[in-house]
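Numbering (my numbering), first residue to last: 467 to 867.
Beneath this line is the structure, given in structure tokens, with notes to follow.
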Amino acid sequence: ELIARAYAMAMGGVPGPVVLSLPEDVLAMECAAPPVPATLPGALPPSPTDAARLAAMLRGAERPILLAGHAFDSPGGREALLGFAEAWQLPVAVSFRRQDLFPNTHPLYAGDLGLRNPDAQRAAFAEADLVLALGTRLTDITTQGWTWPAPGQRLVHVCAEPRFLGWQFPAELAIAADACATIAALAGETPVAPVGRKAWNARLRAIHLADCEVIPGRFPDGIAFAEVARLVERVAAPDAIVTLDAGTFGAPFYRKAAWVPPQRLLAPVSGAMGFGMPAAVAAALRHPDRQVICALGDGGALMTGGELAVAVARGAPVKLLLSENGSYASIRIHQERAHPGRVSGTTLENPDFLRWCSAFRVPVLAVESEADLPKLEEALRAPGPMAAVIRTSLQAVLPKR
């Protein structure tokens, strides 16, 4: 009964883990009780009154923005989001590290709410006359450090977990409902887009595209990893799964490359290192017919990169891109901003990663400069597992003095 209840709790509202604590002696006992099926909650729709009010607010908004959150990471969720945005002509911004929820190449894609959004984008978002937050909790990074939506902006907040409504931001309309069910409830409403919305959508799109540009640069200490992110975008299969570890090395994958469902971009929203390799192994075992590419830094590789052994043992053809910049770069950046020149505990003394990868009997290649990128592209396009150790520039990401 407790396990069934735990399953229901894990899948209800905002899905998440549930801890079930049992005494040790109970775990050793035999149990004759039959299995109890978990009663999973259904998708809660909004009331007809709330749905009608939301539709009216959308019709009257000249500069709306739809903030799409985790709730659309569900069967049919991405399709529902796309159809809704197109029907109502709503620009879509995704919450922190949810780039794979909406086609990044779509004219209505306005970018993401992540780390260090450009000033022009933040200023434009602050001009929205309606913020529709669908299926998101409105947490720290997504709200740009609790600063957006700004005071005075009209906010509609739709979240399946009532405790998150009004938690940090007062909403003109707060709806405790499932995001997809809310979209379905508006199916009978007639979409109307005011005349000025077309220009607003185009403006947000232009700001996003400007942020996506990769400024060419050569650095003496290695490759700017944005070059690798763009390469992965080119070679990724239409249904590829890309997993990223935490770290500054992965930043270009969120802004400099475009992702289109059913492609998946899996990355930790917690910032905890060590996610990338285990996630890639799990993805490859779960979807053996799909291309799986894993990018991780040297710090993350030293934490859980050994899971490559599981990939080899299970025949999972993971393609590993190891960014080696010899540093815990995210922490180093903070050090340089606050205390320039005072480096403490962020320099790594790495093993020979080429030999390390070879020890797992995985084909490996060294990428030392931009001249090696064509052979990296060839290796990524070839079938089977592979690894690349990429000498990555730390200088490219450190604050300019």
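Beta carbons are placed, not taken as given, at the ideal position from N, Cα and C, and that holds for glycine.
What's the call for residue i, buried or exposed, on a 16-neighbour Cβ count within 10 Å?
| i | result |
| --- | --- |
| I856 | buried |
| E638 | exposed |
| W612 | exposed |
| C497 | exposed |
| R808 | exposed |
| H536 | buried |
| K785 | buried |
| A853 | buried |
| Q634 | exposed |
| I469 | exposed |
I'd like to know whether the C-beta atoms of residue i and residue j end up nearer to each other than 8 Å.
| i | j | result |
| --- | --- | --- |
| N816 | E790 | yes |
| Y720 | R588 | no |
| A777 | P851 | yes |
| G713 | A733 | no |
| R756 | D705 | yes |
| A626 | A642 | yes |
| T571 | V726 | yes |
| H674 | Y794 | no |
| A665 | Q555 | no |
| G740 | T709 | no |
| D566 | R730 | yes |
| F538 | A703 | no |
| L839 | L697 | yes |
In its own chain, which residues sit with a C-beta less than 7 Å from the C-beta of residue i, not counting the 5 before and 5 after it?
| i | result |
| --- | --- |
| A465 | With the chain covering 467 to 867 only, the question about residue 465 has no answer from this structure. |
| V694 | L787 and I856 |
| V701 | E843, L846 and R847 |
| R827 | V778 |
| P584 | D677 |
| G479 | A626 and E627 |
Looking only at its chain, what residues have a beta carbon closer than 6 Å to the beta carbon of residue i, apart from the 5 residues adjacent to it on each side?
| i | result |
| --- | --- |
| E802 | L864 and P865 |
| M870 | This structure leaves residue 870 out entirely; the chain is present only between 467 and 867. |
| A472 | V484 and L486 |
| P512 | I641, A643, T648 and A651 |
| V758 | I707, A746, A749, A750 and V784 |
| E467 | V502 |
Which residues in the same chain have their Cβ closer than 8 Å to the Cβ of residue i, if we skip the five residues on either side of it in sequence?
| i | result |
| --- | --- |
| A474 | A504, T505, L506 and P507 |
| E593 | R529 |
Any beta carbon of chain C sitting closer than 8 Å to that of residue i?
| i | result |
| --- | --- |
| P817 | Note that chain C does not occur in the displayed structure, where there is just one protein chain. |
Cβ contact (3+ pairs, closer than 8 Å) linking the stretch 542-561 and the stretch 659-670: yes
Length at least 3, wholly inside the stretch 810-840: the beta strand (DSSP E) runs in chain order: Whole beta strand (DSSP E) segments, 3+ residues: 830-833.
Stretch-stretch touch, CB-based, cutoff 8 Å, three pairs: the stretch 746-754 with the stretch 588-603: no
Inter-stretch contact (C-beta, 8 Å, three-pair minimum) for the stretch 827-834 and the stretch 760-768: no
Contact between the stretch 544-552 and the stretch 619-639 (3+ Cβ pairs under 8 Å): no
Whole runs of the beta strand (DSSP E) within the stretch 626-652, excluding any shorter than 3 residues: If we require 3 residues or more, the beta strand (DSSP E) runs fully inside the stretch 626-652 come out as 639-642.
Cβ contact check for the stretch 642-661 and the stretch 517-530: 3 or more pairs under 8 Å: yes
4 or more residues per run - each alpha helix (DSSP H) lying fully within the stretch 694-758: 717-721 and 742-752
Ordered list of beta strand (DSSP E) runs contained in the stretch 776-804, each at least 3 residues: Fully enclosed beta strand (DSSP E) runs of 3 or longer: 785-790.
Complete runs of the alpha helix (DSSP H) confined to the stretch 502-528 [at least 4 residues]: 514-526
Whole beta strand (DSSP E) elements within the stretch 522-570, 3-residue minimum: 530-534 and 558-560
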